[in-house]
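Residue numbering for the sequence shown follows the UniProt record's numbering, starting at 1 and increasing by one per position. Positions of the beta carbon are idealized from the N, C-alpha and C atoms, including for glycine.
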Amino acid sequence: MSGAYTQHQLEEVFGRHQLTVSGNVVVDNRMDMSEAVCHGLGVGFVLEQDLRPDPRFIMLPIVEATDDVVEHEVWIKNRRSLPGIRDFIQLAMELRCGTFISAEVS
């Protein structure tokens, strides 16, 4: 798969309805996309949890996009004991599992 996951999902949804995705402006990340939209260069597509709060945005759900998104965490194993990394991993595990995990994260 080439391109971002969001782009791939959008192309699949459009394809199921015999539509094509095209644009004159292509940006590489959601921050640039957000700024392009804010400056009137078009519309943007982003996963709901990736949209930063901004009163200039109007969010419209794409109800045809029903696929689940799986997020991943990746870290260098020998750095897992650093306080910031350890705390981040702990928080992510708690949010994912819905419970406090008291063991050393491996």
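Helix, strand or coil for residue i, going by three-state DSSP, please let me know.
i, result
"Phe14", "helix"
"Arg79", "helix"
"Phe45", "coil"
"Gly84", "helix"
"Arg30", "helix"
"Leu60", "coil"
Assuming the contact rule is C-beta atoms closer than 8 angstroms, residue i and residue j should be a hit. Round their C-beta distance to whole Å, please.
i, j, result
"Val21", "Leu41", "The pair is not a contact, with the Cβ atoms about 16 angstroms apart (cut-off 8 angstroms)."
"Thr6", "Leu47", "6 angstroms"
"Val13", "Ile89", "In fact, because the Cβ distance is near 33 angstroms, the residues do not count as touching under 8 angstroms."
"Leu10", "Phe57", "Actually they are not in contact, since the Cβ atoms of Leu10 and Phe57 sit about 17 angstroms apart, beyond 8 angstroms."
Would you check whether the ligand NAP has a heavy atom nearer than 8 angstroms to the C-beta of residue i?
i, result
"Arg56", "Judged by which ligands are present, the structure shown has none, so any question about the ligand NAP falls away."
Query raised in the report: Does the region 58-78 touch the region 25-38, meaning 3 or more C-beta pairs lie closer than 8 angstroms?
Result: Cβ pair count under 8 angstroms is below three, so no.
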